[in-house]
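The structure under discussion appears below in the form of structure tokens.
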Amino acid sequence: MDFVSQERGEMTMLYDLFFAFMQTSRHREARKIIETPGLRARPGRLQWYAEKCINGNQMESLESMVEMTAKLFECDRDEMYHYMLRLCKRTLRMLADILKSNGQEVPFEVPEVWYEQAADTEAQAETKPVGSKGKATKSASTQAATAENSPADYQFRLLTLCKKGKAKEAYGMLKDVDRKGVTLGPAPYDSLIRALLAEGSMEDAMVVKEIALGRVPGFKLNDIANSLLIITQVKRGLAKDGLSTLKSMLQGDQVPSKLSVTRLVQSLGSHGDVQGIQEVEVLMKGLGTPLNLSSMVFVNNTALAHIKNGDLHSAVEGLEAVYTQGDGPQGPAASMAFVFRKVLEENNGAALDKLSAMAERLANHFSSYRAASDLFLQLLEANMVEDAKFMLAAGPETRPGVDNDLPSAKTLYQQMQTEGVEADELCLKRLAVLYRNAGETVPFTEPPETFKFYAEKLKEKSKGSQPSAAVEE
Numbered sequence: 000m001d002f003v004s005q006e007r008g009e010m011t012m013l014y015d016l017f018f019a020f021m022q023t024s025r026h027r028e029a030r031k032i033i034e035t036p037g038l039r040a041r042p043g044r045l046q047w048y049a050e051k052c053i054n055g056n057q058m059e060s061l062e063s064m065v066e067m068t069a070k071l072f073e074c075d076r077d078e079m080y081h082y083m084l085r086l087c088k089r090t091l092r093m094l095a096d097i098l099k100s101n102g103q104e105v106p107f108e109v110p111e112v113w114y115e116q117a118a119d120t121e122a123q124a125e126t127k128p129v130g131s132k133g134k135a136t137k138s139a140s141t142q143a144a145t146a147e148n149s150p151a152d153y154q155f156r157l158l159t160l161c162k163k164g165k166a167k168e169a170y171g172m173l174k175d176v177d178r179k180g181v182t183l184g185p186a187p188y189d190s191l192i193r194a195l196l197a198e199g200s201m202e203d204a205m206v207v208k209e210i211a212l213g214r215v216p217g218f219k220l221n222d223i224a225n226s227l228l229i230i231t232q233v234k235r236g237l238a239k240d241g242l243s244t245l246k247s248m249l250q251g252d253q254v255p256s257k258l259s260v261t262r263l264v265q266s267l268g269s270h271g272d273v274q275g276i277q278e279v280e281v282l283m284k285g286l287g288t289p290l291n292l293s294s295m296v297f298v299n300n301t302a303l304a305h306i307k308n309g310d311l312h313s314a315v316e317g318l319e320a321v322y323t324q325g326d327g328p329q330g331p332a333a334s335m336a337f338v339f340r341k342v343l344e345e346n347n348g349a350a351l352d353k354l355s356a357m358a359e360r361l362a363n364h365f366s367s368y369r370a371a372s373d374l375f376l377q378l379l380e381a382n383m384v385e386d387a388k389f390m391l392a393a394g395p396e397t398r399p400g401v402d403n404d405l406p407s408a409k410t411l412y413q414q415m416q417t418e419g420v421e422a423d424e425l426c427l428k429r430l431a432v433l434y435r436n437a438g439e440t441v442p443f444t445e446p447p448e449t450f451k452f453y454a455e456k457l458k459e460k461s462k463g464s465q466p467s468a469a470v471e472e
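Numbered according to this note's numbering, the sequence shown spans residues 0 to 472.
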């Protein structure tokens, strides 16, 4: 926050905090921020969040923002209430469409959009009786022909076709309009590009973009269109192009959608592009508006990229660090089920063996059962029931237990001392942490190094003992 304050100004930092709190439904903290003395309204930032609420149908969040900004200096209240009315109208239209598509009667009045009103006006003009004089008839027909071929009429028809999902028809019409030299506003170009991208017609969308650039000075795709472009590029296997689009978006102060970033990272992972994933992660950390992306998206896909490149050691090392060093999210969020699922889908036996050994090691030495449970569930989903049974039977240590159970750990340690079993340094380190967390004195000398040091030492020791074990067998 200090860096943001220095580089972009204190007001920008306060708005970033305000929207971050709003995104996470922490309205009390958001209110404190927006009521900061001396804070002025920034219509562009407020409009961005209002549009986000409208597109996401987030009525409660929009209502909260409108209510919180009541005393904000220079805040246009008419504009704020206009956003709420837009969302209410959109909700009513969506509900009416659902009822009509299911053959139900609509029990309320549906607000008309501008192009429906224009269509009604046009229909009334066509049915209006014409006067008896020929001169009047000629004048009316001339006016109708002029209106029919006006830029406003073309714009209305293009937007109507896009709204009805007839992107190809709208595309053909736009090319005809462009050949006639007619210049339209940015709205129809933007709507048509989004409609074409939603259908996967990337080439046609880029043609429309070139037409728009030639007709509308300074035309550029908005956040939604660019996010759709990234998704389309990823589907075509053009992950590098998707990364370039993301960079250009951020340079233009646009915010990508969460889905587009997730799909891009997954595509980079499937292509083995570790550096590309790291670039996206750095870009997302520098984004002023958080997308609430889990860091496991980057961890899991980085592991898959290493597996794609045949570097199983780096894949295992990165995943293991999440559970042993606290380098990633802890608890339920730290799931690697996605990695197991992809490995099983690709039938990669070597990677599955390495990851299974890692899951067993985490359960045995770190009392971390998440990886083992993820693997077990993915085996069941893949109908590999026998493998799942073997996994349970092979290692009783992998059965679910209680984390941070100091009394059980004490009992086990005493039993080991009684039976003359020497505890390794990693085990002692873990036990010492349990003692300290419980506020008790550690009854032995705690190993001084980190968990990572002893984990690596244990792995090297187990590797060194493998050849001799093979000879004995």
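Just so you know, even glycine gets a beta-carbon here, dropped at the ideal spot from N, CA and C.
Can you name, in chain order, every residue of its own chain whose Cβ lies under 8 Å from the Cβ of residue 117, other than the five neighbours on each side?
Translated into positions along the sequence shown, residue 117 becomes position 118. Here the model assigns residue 117 a pLDDT of 47, short of 50, so the residue's position is not dependable, and the following value carries that caveat. Excluding residues within five positions, the ones whose Cβ falls inside 8 Å are 155.
Alpha-carbon to alpha-carbon, residue 36 and residue 267:
Counting from one through the sequence shown, the residue named residue 267 turns up at place 268. Counting from one through the sequence shown, the residue named residue 36 turns up at place 37. For residue 267 and residue 36, the gap between their C-alpha atoms comes out near 46 Å.
DSSP three-state call for residue 15: helix, strand or coil?
Locating residue 15 in the sequence shown gives position 16, where the first residue counts as 1. Residue 15 carries a helical assignment under DSSP once its states are collapsed to helix, strand and coil.
With DSSP as the reference, label residue 39 as helix, strand or coil.
The count along the sequence shown starts at 1 and reaches residue 39 at position 40. Strand, per DSSP.
Where does the unbroken alpha helix (DSSP H) through residue 312 begin, and where does it stop?
Sequence index remark: in the sequence shown, residue 312 carries index 313 (1-based). 311-323 is the extent of the alpha helix (DSSP H) around residue 312.
With C-beta atoms as the reference, is residue 58 less than 9 Å away from residue 30?
Taking the sequence shown and counting its residues from 1, the one referred to as residue 58 is at position 59. Taking the sequence shown and counting its residues from 1, the one referred to as residue 30 is at position 31. Residue 30 sits away from residue 58, with the two beta carbons spaced by 9 Å or more.
Would you list, in sequence order, the uninterrupted alpha helix (DSSP H) runs of no fewer than 4 residues that lie entirely inside the stretch 364-442?
Under the rule that a run must span 4 or more residues, the alpha helix (DSSP H) segments found entirely inside the stretch 364-442 read 369-380, 384-393, 405-417 and 424-436.
Taking DSSP as the reference, what is the three-state secondary structure of residue 218?
Working through the sequence shown from its first residue, we reach residue 218 at position 219. In the structure shown, residue 218 sits in coil (DSSP, three-state: anything other than H, G, I, E or B).
With 16 other Cβ atoms within 10 Å as the buried cut-off, status of residue 18:
Here residue 18 refers to the residue found at position 19 of the sequence shown. Under the 10 Å beta carbon count, residue 18 is surrounded by 16 or more other beta carbons and is classified as buried.
Identified DSSP bridge partners for residue 72:
The residue labelled residue 72 in the question sits at position 73 within the sequence shown. Beta bridge pairing from DSSP links residue 72 with 39.
Along the chain, where does the alpha helix (DSSP H) that runs through residue 190 open and close?
Within the sequence shown, numbered from 1, the residue matching residue 190 stands at position 191. 185-197 is the span of the alpha helix (DSSP H), which, as asked, contains residue 190.
Let's test the definition: count the other Cβ atoms within 10 Å of the Cβ of residue 274 and tell me whether it reaches 16, buried, or not, exposed.
The residue labelled residue 274 in the question sits at position 275 within the sequence shown. Result: exposed.
Measure the C-alpha to C-alpha separation of residue 499 and residue 246 and round it to an integer number of angstroms.
With the chain covering only 0 through 472, there is no way to say anything about residue 499.
On the three-state DSSP scale, how would you describe residue 270?
Indexing the sequence shown from 1 puts residue 270 at position 271. In the structure shown, residue 270 sits in coil (DSSP, three-state: anything other than H, G, I, E or B).
Where the alpha helix (DSSP H) through residue 346 begins and ends
Along the sequence shown, one-based indexing puts residue 346 at 347. Judged by DSSP secondary structure, residue 346 falls outside any alpha helix (DSSP H); it is assigned neither H nor E.
If we call anything under 9 Å between Cβ atoms a contact, is residue 272 one with residue 314?
For this step, residue 272 is matched to residue 273 along the sequence shown. For this step, residue 314 is matched to residue 315 along the sequence shown. No.
Nearest to residue 250 by alpha carbon, out of 105, 437, 219 and 232?
Position 251 of the sequence shown, counted from the first residue, corresponds to residue 250. The option with the nearest alpha carbon to residue 250 is 219.
If you run the structure through DSSP and keep just helix, strand and coil, what is residue 165?
As a first step, residue 165 is located in the sequence shown; it is residue number 166 there, counting from the start. If DSSP states are grouped into helix, strand and coil, residue 165 belongs with coil.
Residue 454, buried or exposed, once every other Cβ within 10 Å from all chains shown has been counted against 16:
Stepping through the sequence shown from its first residue, residue 454 is reached at position 455. Burial call: buried.
Who are the near neighbours of residue 39 in its chain, counting only those whose CB is closer than 8 Å to its CB and skipping five residues on each side?
Position 40 of the sequence shown, counting from 1, holds the residue named residue 39. Result list for residue 39: 10, 71, 72 and 73, in chain order.
Cβ-Cβ distance between residue 201 and residue 228 below 9 Å
Along the sequence shown, one-based indexing puts residue 201 at 202. Along the sequence shown, one-based indexing puts residue 228 at 229. Taking 9 Å as the cut-off, the Cβ atoms of residue 201 and residue 228 count as close.
Helix, strand or coil at residue 447 according to DSSP, with G and I counted as helix:
The residue labelled residue 447 in the question sits at position 448 within the sequence shown. In the structure shown, residue 447 sits in coil (DSSP, three-state: anything other than H, G, I, E or B).
Using a threshold of 9 Å, state whether the C-beta atoms of residue 86 and residue 61 are closer than that.
Against the sequence shown, residue 86 aligns to sequence position 87. Against the sequence shown, residue 61 aligns to sequence position 62. Taking 9 Å as the Cβ cut-off, residue 86 and residue 61 qualify as a contacting pair.
Own chain, CB closer than 8 Å to residue 104, minus 5 neighbours either side, in chain order
Locating residue 104 in the sequence shown gives position 105, counting from the first residue. Apart from sequence neighbours up to five positions away, the residues of its chain that approach residue 104 with a beta-carbon distance below 8 Å are 98, ordered along the chain.
Pull up the distance between the alpha-carbon of residue 443 and that of residue 431, whole angstroms please.
Indexing the sequence shown from 1 puts residue 443 at position 444. Indexing the sequence shown from 1 puts residue 431 at position 432. Cα-Cα distance, rounded: 8 Å.
Kindly confirm or deny that the stretch 333-352 and the stretch 370-385 touch, where touching means at least three C-beta pairs closer than 8 Å.
Here the stretch 333-352 makes contact with the stretch 370-385; the two share three or more CB pairs at distances below 8 Å.
Classify residue 34 as helix, strand or coil using the three-state DSSP reduction.
Reading the sequence shown from its first residue, position 35 is the one you call residue 34. DSSP places residue 34 in coil when its eight states are reduced to three.
Can the beta-carbon of residue 298 be found less than 9 Å from the beta-carbon of residue 279?
Locating residue 298 in the sequence shown gives position 299, where the first residue counts as 1. Locating residue 279 in the sequence shown gives position 280, where the first residue counts as 1. Going by C-beta atoms, residue 298 is not nearer than 9 Å to residue 279.
DSSP three-state assignment for residue 302, whether helix, strand or coil
Here residue 302 refers to the residue found at position 303 of the sequence shown. Reduced to three states, the DSSP call for residue 302 is helix.
Give the secondary structure of residue 353 by DSSP, where H, G and I count as helix, E and B as strand, and everything else as coil.
Taking the first residue of the sequence shown as position 1, residue 353 is located at position 354. Residue 353 carries a helical assignment under DSSP once its states are collapsed to helix, strand and coil.
Is it the case that the Cβ atoms of residue 486 and residue 276 are separated by a distance below 9 Å?
Outside the displayed range of the chain (0 to 472) lies residue 486, so it cannot be described from this structure.
Taking the CB atoms as reference points, tell me whether residue 429 and residue 452 lie closer together than 9 Å.
Working through the sequence shown from its first residue, we reach residue 429 at position 430. Working through the sequence shown from its first residue, we reach residue 452 at position 453. In this structure, residue 429 lies away from residue 452, with their beta-carbon atoms at least 9 Å apart.
Leaving out five residues before and five after residue 357 in sequence, what residues of the same chain have Cβ atoms less than 8 Å from its Cβ?
Walking along the sequence shown from the start, residue 357 turns up at place 358. Hits under 8 Å: 315, 318, 319 and 370.
Following the continuous alpha helix (DSSP H) through residue 244, name the residue where it begins and the one where it ends.
Taking the first residue of the sequence shown as position 1, residue 244 is located at position 245. Its alpha helix (DSSP H) spans residues 238-250.
Quick one: what does DSSP say residue 103 is sitting in, helix, strand or coil?
The count along the sequence shown starts at 1 and reaches residue 103 at position 104. Residue 103 falls in the coil class under three-state DSSP.
Residue 440 classed as buried or exposed, judged by whether at least 16 other C-beta atoms fall within 10 angstroms
One-based indexing of the sequence shown puts residue 440 at position 441. Exposed.
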